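Chains as they are written, first to last, in our numbering: chain A, 107 to 275; chain B, 368 to 468.
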């Protein structure tokens, strides 16, 4: 059952990712990215990361994607003609496909030697992955990074205000 | 046949490479930002998979930080996109060469 669910949603996430990169219409790209993010949220649930799956749906697929969709529709972008770049595309594929091969090799062979636990854990004790478990780690061991995140968000807000204001004036 | 961590890592690598291909080859600035989101998402998947295998919640905390940084990055990036579009009337990244607008 778990295997079937994994393969279904892995396939949909890869299909969505391919549509993001290869579709001509930006609105279709945004919606395909939503499909990919939802499929990844399902995979997070399979990995016992319920809180992360919730965040993925609420923040990523909800807030960030609405921002993208709003910008695409606000700018009224035309669907572009995808031109095949005879220099860039082969070079990019020549760089990226060996990386794919090497990482496949490493995950297939190297990981079994380094980590004895290459299989997934079927059941964790209760607070794993829930709000309680993640919050306990977040507010004890990683309290300082959590607080510094607020500084990052303030800087982002101020940056956006400055950028948007310069356009008006 | 059960699902092992190799499956999740392979899926993560595939998503990351599709995203990297989009970042390098696409011309539209918004599509480039979206491919960047795809790469971040692939990294998050690898974090959560390792977190499950090791039985440690640190990976989840990293994912929360990553989502926060992605949200901030998208906010600033899309503000730039709107400004660039009103200034140049295009989002083609080959046209946008000057640092000083």
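Cβ atoms here follow ideal geometry from the backbone N, Cα and C, with glycine treated the same way. This one's a predicted model, so the numbers in the text were calculated from it and none came from an experiment.
Nearest neighbour of residue i, chosen from the options [CA to CA]
{"i": "residue 185/A", "options": "162/A, 136/A and 239/A", "result": "136/A"}
{"i": "residue 290/A", "options": "252/A, 168/A and 200/A", "result": "The requested residue 290/A is not part of the displayed model; chain A covers only 107 to 275."}
{"i": "residue 206/A", "options": "388/B, 427/B, 447/B and 380/B", "result": "380/B"}
{"i": "residue 232/A", "options": "422/B, 448/B and 410/B", "result": "422/B"}
{"i": "residue 429/B", "options": "420/B, 410/B and 444/B", "result": "410/B"}
{"i": "residue 406/B", "options": "433/B, 416/B and 419/B", "result": "433/B"}
{"i": "residue 157/A", "options": "458/B, 387/B and 424/B", "result": "424/B"}
{"i": "residue 378/B", "options": "415/B, 460/B, 390/B and 445/B", "result": "415/B"}
{"i": "residue 155/A", "options": "128/A, 237/A and 204/A", "result": "237/A"}
{"i": "residue 241/A", "options": "431/B, 412/B and 386/B", "result": "431/B"}
{"i": "residue 443/B", "options": "182/A, 183/A and 174/A", "result": "174/A"}
{"i": "residue 147/A", "options": "128/A, 111/A, 130/A and 125/A", "result": "111/A"}
{"i": "residue 265/A", "options": "447/B, 391/B and 369/B", "result": "447/B"}
{"i": "residue 374/B", "options": "170/A, 118/A, 214/A and 123/A", "result": "214/A"}
{"i": "residue 460/B", "options": "372/B, 370/B, 391/B and 371/B", "result": "391/B"}
DSSP beta-bridge partners of residue i
{"i": "residue 395/B", "result": "459/B"}
{"i": "residue 59/A", "result": "Absent from the structure is residue 59/A, since the part of chain A shown begins at 107 and ends at 275."}
Residue i classed as buried or exposed, judged by whether at least 16 other C-beta atoms fall within 10 angstroms
{"i": "residue 142/A", "result": "buried"}
{"i": "residue 208/A", "result": "exposed"}
{"i": "residue 192/A", "result": "exposed"}
{"i": "residue 244/A", "result": "buried"}
{"i": "residue 270/A", "result": "exposed"}
{"i": "residue 113/A", "result": "exposed"}
{"i": "residue 180/A", "result": "exposed"}
{"i": "residue 200/A", "result": "exposed"}
{"i": "residue 132/A", "result": "buried"}
{"i": "residue 145/A", "result": "buried"}
{"i": "residue 177/A", "result": "buried"}
{"i": "residue 268/A", "result": "exposed"}
{"i": "residue 474/B", "result": "Absent from the model: residue 474/B. The displayed extent of chain B is 368 to 468, so no value can be given."}
{"i": "residue 263/A", "result": "exposed"}
{"i": "residue 420/B", "result": "buried"}
{"i": "residue 404/B", "result": "buried"}
{"i": "residue 445/B", "result": "buried"}
{"i": "residue 246/A", "result": "exposed"}
{"i": "residue 462/B", "result": "exposed"}
{"i": "residue 182/A", "result": "exposed"}
{"i": "residue 195/A", "result": "exposed"}
{"i": "residue 115/A", "result": "buried"}
{"i": "residue 454/B", "result": "exposed"}
Beta-carbon separation (whole angstroms), residue i vs residue j, contact threshold 8 Å
{"i": "residue 400/B", "j": "residue 441/B", "result": "7 Å"}
{"i": "residue 165/A", "j": "residue 438/B", "result": "6 Å"}
{"i": "residue 384/B", "j": "residue 202/A", "result": "5 Å"}
{"i": "residue 198/A", "j": "residue 388/B", "result": "6 Å"}
{"i": "residue 376/B", "j": "residue 413/B", "result": "6 Å"}
{"i": "residue 123/A", "j": "residue 382/B", "result": "5 Å"}
heavy atom of the ligand GDP below 7 Å from residue i C-beta
{"i": "residue 113/A", "result": "Summarising the ligand content, the structure contains no ligands, and the ligand GDP is consequently not present."}
Beta carbon proximity, residue i to chain C, threshold 8 Å
{"i": "residue 150/A", "result": "The chain labelled as chain C is not found among the protein chains of the depicted structure, namely A and B."}
**Prompt:** Do three or more CB pairs link the segment 386-403 of chain B to the segment 251-271 of chain A at distances below 8 Å?
**Reply:** Between the segment 386-403 of chain B and the segment 251-271 of chain A, the count of Cβ pairs shorter than 8 Å is below three; the stretches do not touch.
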